[in-house]
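Numbering (the working numbering), first residue to last: 1 to 683.
Each residue gets a CB set at the ideal place from its N, CA and C atoms; glycine is no exception.
Note that the structure is predicted; figures quoted are calculated from it, not measured.
This is the structure in structure tokens:
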């Protein structure tokens with residue numbers, strides 16, 4: 001962990017200087033004279049006494065050595081500095097002995113050594129404090145990121161776990177205990193079958209015996225049973241609540257029926273979840289602070305332990321996702337952003353035709369190479385596109401050699417960080433209380449859609465059959481019925497039968513049209529729209545020309561109202577033409593004879609709008625919001641629903657326009673006409 005900064009270097013040198021100055025004071029006070037004598041050779045009687053450096057020089061040496069030692073430890077660390085300082089200590093000690101023996105000079109080795117050791121100690125202690133503070137901050141940050149439960153919600157989760165047990169077990173009462181700061185078990189959650197008639201006071205004798213039973217369970221770290229009649233009329237079960245062998249509380253269950261030993265596994269699973277909830281609540285109450293390092297503060301160490309327990313529980317719960325993917329029928333793989341494979345489920349191994357040993361040594365690109373096909377021959381390009389755009393890459397891969405079609409999806413998984421009342425007054429940009437951080441990993445999904453493709457082919461064959469094989473005989477039946485009806489020699493009774501034949505054949509034809517429209521509508525969002533530049537004013541003129549015969553048959557005039565130069569839009573011309581034709585068909589069908597239907601193309605700020613306005617019957621206010629729904633048909637006053645309408649035209653228009661990123665709207669007044677319009681983004 002990198003802890004060096006210019007500020008930390010300055011503080012380290014300041015501490016080393018302080019250690020040197022303190023050593024100078026001790027030296028000048030004569031408190032280390034006996035120690036100093038151990039590193040010099042005593043002079044014999046009659047010889048000149050040892051010479052010591054001048055006071056200012058001695059002080060300078062002590063402070064200089066202290067600063068040098070502190071600087072070395074601050075930059076290189078205690079372990080890397082050990083050999084340098086150790087060799088310096090030994091060589092200086094030898095020099096002190098030799099200088100005192102032959103030169104009769106005391107180089108004040110002992111004060112320098114003490115100053116150096118003191119500087120190393122205080123600087124290393126400061127470095128440990130820095131690392132401890134960084135660790136505390138990281139634990140706090142990680143806890144804050146993983147603490148996605150709102151304050152107070154953990155208490156609800158505790159009660160929810162007990163209610164789950166109450167639902168599946170014959171419980172009279174369930175109590176969850178947690179030790180307080182003195183180690184005494186206190187209740188933190190409780191559910192009862194009936195609010196009345198249960199224990200009300202903690203001083204109650206029965207209550208104390210129940211708590212003692214929980215104490216026994218915690219101490220023995222196993223389930224303790226008390227048969228009905230020993231404490232009260234209920235059979236009592238006390239069990240420790242633990243996560244990863246760490247007991248965090250106890251659970252008391254009072255049963256109306258004998259305890260079933262097969263429920264032990266159930267209780268262990270629910271107890272583990274309750275233990276994680278307790279750890280979460282405890283960690284939230286005891287936030288870490290960096291005032292004192294953990295190595296000298298039991299309180300900080302205890303709080304950090306709670307935080308690590310909480311993080312351990314969160315990691316355990318986050319593993320649930322991988323377990324769920326293991327049971328998924330689709331093939332899933334997760335890969336880190338460096339291409340390393342993080343997870344493969346069994347379905348992915350089967351789809352990629354890999355065994356477990358091979359999967360241990362592959363990376364993302366080797367995995368994707370297993371799915372190369374005609375439309376997916378460069379996995380690296382697909383991965384780059386996903387990283388550049390952040391949008392998923394999806395392709396259908398056809399493998400004719402094994403008659404299989406796979407759907408491949410490569411996407412990035414992003415972490416959503418919740419901001420739950422942090423008090424900073426800031427809000428996220430999306431307005432929902434969260435924001436997205438950077439990408440976490442790649443998610444690869446492979447789905448076998450061979451059977452779905454077969455079903456789609458069967459549907460297409462059925463549609464083809466209804467479009468051609470059924471329409472042809474119906475057309476013949478209807479045509480010949482009309483020809484026979486023209487013959488004036490046919491009796492009136494037979495002419496009535498011919499009219500029935502004609503009407504029913506036409507009704508059958510409308511039923512087929514309804515079915516085809518539904519199919520077309522359902523497949524519209526699956527169809528790949530080809531966006532090309534389209535001028536809507538020109539498309540309007542072409543469509544009006546096509547619909548003129550239908551309008552003239554009902555004596556309705558179609559008018560193209562030009563509004564100047566209109567820029568193009570990006571659209572599928574065929575689909576937009578069909579949508580406009582359906583709007584015109586509706587306007588013609590529901591307008592009285594000798595009226596006008598006006599079609600205008602208008603340029604708006606960021607879009608081009610096409611408006612179809614008629615002078616027809618109008619749409620009642622209560623139907624305005626529903627006319628875009630499938631199969632909805634408007635009922636006019638005094639009339640039944642139009643049997644010729646399928647109720648799919650406007651739904652199809654809305655589907656097509658929204659598929660192009662546009663919008664639809666309607667304005668209508670009963671008896672005065674309607675104004676239907678759609679808008680598409682301009683280029």
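Take residue i and list the residues in its own chain whose beta-carbon comes closer than 6 Å to its own, dropping the five residues that flank it on each side.
i           : result
residue 693 : Residue numbering for the chain in the displayed model covers 1 to 683; residue 693 lies beyond these limits and cannot be assessed.
residue 666 : 676
residue 686 : What the structure shows of the chain is the stretch from 1 to 683, and residue 686 is not part of that stretch, so it cannot be assessed.
residue 272 : 243
residue 551 : 558, 588
residue 27  : 111
residue 505 : 474, 477, 478
residue 92  : 109
Please classify residue i as buried or exposed, where buried requires at least 16 neighbouring CB atoms within 10 angstroms.
i           : result
residue 109 : buried
residue 332 : buried
residue 148 : Reliability fails at residue 148, whose pLDDT of 45 lies under 50, so the model's placement of it is uncertain and no value is given.
residue 235 : buried
residue 617 : buried
residue 582 : buried
residue 249 : buried
residue 534 : buried
residue 532 : exposed
residue 486 : exposed
residue 338 : exposed
residue 672 : exposed
residue 654 : buried
residue 469 : exposed
residue 19  : buried
residue 277 : buried
residue 503 : exposed
residue 197 : The predicted model places residue 197 with a pLDDT of 49, which falls under 50 and marks its position as unreliable; any figure quoted below should be read in that light. Exposed, since its Cβ has fewer than 16 Cβ neighbours within 10 Å.
residue 383 : buried
residue 660 : buried
Assuming the contact rule is C-beta atoms closer than 8 Å, residue i and residue j should be a hit. Round their C-beta distance to whole Å, please.
i           : j           : result
residue 16  : residue 70  : 2 Å
residue 174 : residue 158 : Between residue 158 and residue 174 the Cβ distance is about 11 Å, and since that is not below 8 Å, they are no contact.
residue 448 : residue 408 : No, residue 448 and residue 408 are not in contact; Cβ-Cβ is about 11 Å, not under 8 Å.
residue 349 : residue 359 : 6 Å
residue 176 : residue 266 : That belief does not hold up - the Cβ atoms of residue 176 and residue 266 are roughly 16 Å apart, past 8 Å.
residue 624 : residue 650 : Incorrect: roughly 11 Å between the Cβ atoms, too far for contact.
residue 693 : residue 120 : In the structure as shown, the chain starts at 1 and stops at 683, and residue 693 therefore has no counterpart that could be examined.
residue 23  : residue 66  : 7 Å
residue 397 : residue 379 : Residue 397 to residue 379, Cβ: 11 Å. No contact.
Is residue i helix, strand or coil by DSSP?
i           : result
residue 107 : coil
residue 379 : helix
residue 328 : coil
residue 611 : strand
residue 179 : strand
residue 223 : coil
residue 473 : helix
residue 507 : helix
residue 371 : coil
residue 216 : helix
residue 634 : coil
residue 386 : helix
residue 190 : strand
residue 457 : helix
residue 163 : helix
residue 204 : coil
residue 398 : strand
Using a Cβ-Cβ cut-off of 7 Å (strictly less than) and excluding sequence neighbours within five positions of residue i, which residues of its own chain qualify?
i           : result
residue 170 : 255, 256, 257
residue 217 : 223, 224, 238, 239, 240, 250
residue 211 : 185
residue 721 : Residue 721 is absent from the structure shown; the chain starts at 1 and stops at 683.
residue 568 : 533, 534, 535, 683
residue 227 : 235
residue 96  : 39, 40, 107, 109
residue 412 : 386, 390, 439, 442
For residue i, which residues in the same chain have their Cβ closer than 8 Å to its Cβ, ignoring the five residues on either side in sequence?
i           : result
residue 471 : 509, 512
residue 577 : 539, 542, 543
residue 231 : 206, 209, 210, 213
residue 574 : none
Original post:
Quick one: complete beta strand (DSSP E) runs, 3+ long, within the region 235 to 282?
Top reply: Runs found: 235 to 243, 246 to 255.
Original post:
Could you give the uninterrupted runs of the beta strand (DSSP E) lying entirely in the region 520 to 595, keeping only those of 3 residues or more?
Top reply: The qualifying runs are 532 to 534, 557 to 561, 569 to 571.
Original post:
Unbroken alpha helix (DSSP H) runs of length 4 or more, entirely within the region 11 to 41: which are they?
Top reply: 33 to 37
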